Every structure is written in structure tokens, then in C-alpha cells.
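Undergrad: Numbering (mature numbering (1 follows the signal peptide of the UniProt record, and there is no 0)), first residue to last: -25 to -1, 1 to 434.
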């Protein structure tokens, strides 16, 4: 009996040991909290489980790219919603629309070679209350809109084409005439706008040629972007302000196995702007964001905090290749907005960029709205580790009395740079460096990704 009790005791100790080891080995956010299983359970959408299928052409929508069929497509969405939900199927072909609005229980599926193409006439789009550039305003909706939905999905091998060429040309002409014009002065839609929603999954589709931001997510939680291709050209006509993914006051957000190549930031963390932005309930923080196993072609920054951002917490960017970004990590510090960027980790990254780490004040469209400058602007607990990168400039960091940088960790870095100078790092308080190898080179063998301009603007 004593032997059995002793054996049971030892078995219990072993079980506790292994359970403890398993917990310790689990993935964690930068603040040390465990990453939920939700981030690992990434099953493809099964449209056969989403209710009745509504094939556009079965409901009077013509397979004709020359006519605008917004009302007809919206009627199919409304019919599905009235009947308890279902999947709107876009069959092979090109269907031109302006803005459509999905409702609870409805979903979007684009078959292979199916295209929803945006109208390039802004008069086809309504003016609505929406979210844009860190503020709630009257502006234009996206092509595909979903507000207040639970369980919304977009799937398939088809394409959402913003048809942005006319908007891009008009933007640059306006900028030529008025160099101080804002991004919103040139009226233009986005492609996807998801707001106040949860349990959203967008997968496999191609999003291209957006007139403005490519995809935008506001006040939403438990959002997954899987296996997406997001494109906007840098030539022959630059596609201005075509961020691939704008995350605006969201939590529990996964971006995985995506390809992004756009003429602005690939992933931008938004949330609000202005001296009292942190007191406005319409604004908010971004928390628990994982960006992994992605490939980045041409873009301004692979990851940007800002330019309309208040608080970013527990951000992971890892296991990715950056082929031709201007910056790997860009921290935009607005003197007119209270900001706190913390617990951000970049891990296991390789490729080439123009600048490895870029931290500076951002004064474009500066506006205190008659208030005093906010006092809080802090960046802390930033970790850059296991990175092998070639670049022109290793560190471009501006020291300023307007913000504080502290508690950065640089670990296992191999950086080959035309300008390897590390003196800019003296702007960071409590900087920890372990196995950091920054080597000066006289030339760079850049492996520019050809895919970013193969999707010609005229297509």
C-alpha cells in the first residue's frame, strides 16, 4: 500500500511537471500573457455550413462589366438577410458596383475568376457616417461594408478590384495644384470596411487597385485575415494612400500567410488623433495583434504605429520576409496626440528594407484644435530579435523632448547597412543589446520583388 501511494505521488509530481513545462513552452504575448488557442485554430471557411447559396446571376444580376449593378447586388444581400442569412456567391465574371452593405447572417464568396469591380465615378457612392484617418466623419463607404456583424466571412479565390486608376490620377493632379491638400480632399472609397464586428474571417481572395485604403477594420475583435493577396501599384501611376491593412481600435487580430505590396504602409495601427483623442469613446487602442508568416513586397513600412494612433499594446510581428519596404518598423510620433506604444515584438524577420528602425516626429496635418499639446507620448518595451536584414540605414531615430523612448531590446540581429551608425540609439533609455552585428557594406544586392508591379494599374 505504501509503495502504491508513493508511486501515485511520484506520478502526480511528474504530471504536474509536464503540465507546468507545457504551459511554460506555450506562446506568449510580449507582456507575458499566454496567447489564446483562437490564434492557432485557423480552419478554412466551409460555405456549405453558412446557409443557402445566393448566386448573383440566379437573381437577375447580369454578367456584364459595363453596367453598374449596385442596387441589384444589394437586393440579393437583402433577400438573403430577410430569409435568415446565406452566402452571396459571385460567379466567374466581372460585376461592377459601388458600395454594398452586408447584414447579419450574410457572407461573401468569390469563385475563381470572379471579380467585384468598383465604379471609378465617385458620384456612384453615397456619403455616410464612417471612420477615416482617426476620426468619425461624413465620407464615402467602401465597396464591401459590414457593420455590427457577428461571424461575417469573405472567402474564395476571386478578386475585389477597386479600379483605382482614375482616382489616383485625380489625386496627383490635385496635389500638383495644391501641395497641402489632405488625403481625404480627393474623394475616393476603400475596398473593405469592417466596423463594430466580431468573429470575422477573410481568406484567400485578392484585393487590388484600391482608390484609398485597401482594407480597414474599426472597433472589431476576433478578426482573421488569412492567405490574402493585397496589391496596389507603385508604377506607372502611384496608388496613393493604399495601405494594405488598417487596424483601427481593434483587439484579438490575426494576419497570417498574406502577401502585401502597396504604395503606402502594409500594416498600420490606427486609433484616433488630436490632443484629447484618448478621451473620445469613438477612438481606442489596438491590443493583442499577431502578424505572422507573411511576405511583404514594395511598401512604405511593413509595420507602422500611426499616424493616427493612441495606444498599441501586445503587438507581434514575426516569421516573415520583407522584400522591398522603405522601413521595417516605423513609429510615428504625433506632437498633437497622446500616444503610448508598448510591448511590441518583431521576431524572425529576413529580407531588405531602406531603414531598419525609424522613429521620428510626424507633423503632417498637425492640428491641436485649440488645445494645449498633450504630455503623454511614450514608447517602451520594444523587442527586435532574430532578424537578418540588408538596408541603407540601420537606425534613423530622432531624439526629442516631445516623446520618450525606453526599454528597447535588440537581440540576435544581423544587419548589413550602407549607413550602419549606431549613435542614433542614444535616444533610447535603458537599451539592451545582445549579439547585435551591424556591418557596413559599400553596396546592396537588393532582391526586389517583381510581383508588386506585375499588377499593372491599367488592368
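Here a beta-carbon is modelled for each residue, glycine too, at the ideal position from N, C-alpha and C. The structure displayed is predicted, hence computed values, not measured ones.
Pairing CB atoms from the stretch 133 to 140 with CB atoms from the stretch 264 to 276, are three or more of them under 8 Å?
TA: At 8 Å Cβ cutoff, the stretches do not touch.
Undergrad: When burial is assigned at 16 or more other CB atoms within 10 Å of the CB, is residue 438 buried or exposed?
TA: Past the edges of the chain, shown from -25 to 434, lies residue 438, and the structure says nothing about it.
Undergrad: Taking all protein chains shown into account, decide if residue 156 is buried (16 or more other Cβ within 10 angstroms of its Cβ) or exposed.
TA: Exposed: under 16 other Cβ atoms inside 10 Å.
Undergrad: Considering residue 53, what are the terminal residues of the alpha helix (DSSP H) in which it resides?
TA: Counting along the chain, the alpha helix (DSSP H) containing residue 53 begins and ends at 45 to 57.
Undergrad: Roughly how many angstroms separate the alpha carbons of residue 124 and residue 60, rounded to a whole number?
TA: Those two C-alpha atoms are separated by around 12 Å.
Undergrad: What residues in its chain sit with their C-beta under 6 Å from that of residue 22, if we drop five residues either side in the sequence?
TA: The answer, listed in chain order, is 62 and 84.
Undergrad: Indicate whether residue 287 and residue 267 have their beta-carbon atoms separated by less than 8 Å.
TA: Contact: no.
Undergrad: How big is the Cα-Cα spacing for residue 280 and residue 28?
TA: So the alpha carbons of these two residues sit roughly 40 Å apart.
Undergrad: The alpha helix (DSSP H) with residue 149 in it runs from where to where?
TA: Looking at the DSSP string, the run of the alpha helix (DSSP H) that includes residue 149 is 140 to 152.
Undergrad: Could you check if residue 208 is buried or exposed, using at least 16 other CB atoms within 10 Å of its CB as the buried criterion?
TA: Residue 208 is buried by the Cβ-count criterion.
Undergrad: Thinking C-alpha only, which one of 293, 145 and 65 is nearest residue 264?
TA: Of 293, 145 and 65, the residue nearest in Cα terms is 293.
Undergrad: Using the Cβ count rule (16 or more neighbours within 10 Å means buried), how would you classify residue 414?
TA: Classification of residue 414: exposed, given that the 10 Å Cβ count is below 16.
Undergrad: Kindly confirm or deny that the stretch 83 to 98 and the stretch 134 to 150 touch, where touching means at least three C-beta pairs closer than 8 Å.
TA: They touch, by the three-pair rule.
Undergrad: Between the alpha carbons of residue 49 and residue 212, how many angstroms are there, rounded?
TA: Rounded to the nearest angstrom, the two C-alpha atoms are 32 Å apart.
Undergrad: Measure the alpha-carbon distance for residue 152 versus residue 394 and round it to whole angstroms.
TA: Taking the straight line from one Cα to the other gives about 36 Å.
Undergrad: For residue 389, which residues in the same chain have their Cβ closer than 6 Å to its Cβ, ignoring the five residues on either side in sequence?
TA: Closer than 6 Å at Cβ, skipping near neighbours: 363 and 412.
Undergrad: Specify the secondary structure class of residue 296 as computed by DSSP and reduced to three states.
TA: Strand at residue 296.
Undergrad: Could you name the residues of the same chain whose beta carbon sits closer than 7 Å to that of residue 71, not counting the 5 residues immediately before and after it, in chain order?
TA: These residues qualify, in order along the chain: 40, 42, 43, 44, 92 and 94.
Undergrad: Which whole-angstrom value is the C-beta distance of residue 283 and residue 245, which I expect to be below 8 Å?
TA: Yes, they are in contact, since the Cβ atoms of residue 283 and residue 245 sit about 5 Å apart, within 8 Å.
Undergrad: List, from N- to C-terminal side, the beta strand (DSSP E) runs of 3 residues or more that fit wholly inside the stretch 306 to 392.
TA: Runs found: 314 to 336 and 352 to 372.
Undergrad: How long is the line joining the alpha carbons of residue 66 and residue 86, rounded to whole angstroms?
TA: Their Cα atoms are separated by approximately 5 Å.
Undergrad: What are the boundary residues of the beta strand (DSSP E) that includes residue 70?
TA: Its beta strand (DSSP E) spans residues 68 to 72.
Undergrad: Hey, out of 354, 161, 239 and 253, whose CA is closest to residue 277's CA?
TA: Taking only the C-alpha atoms, the option nearest residue 277 is 239.
Undergrad: Can you tell me whether residue 418 is buried or exposed? The criterion is at least 16 other CB atoms within 10 Å of its CB, across all chains shown.
TA: Classification for residue 418: exposed.
Undergrad: Smallest Cα separation from residue 107: which of 149, 196 and 224?
TA: The option with the nearest alpha carbon to residue 107 is 224.
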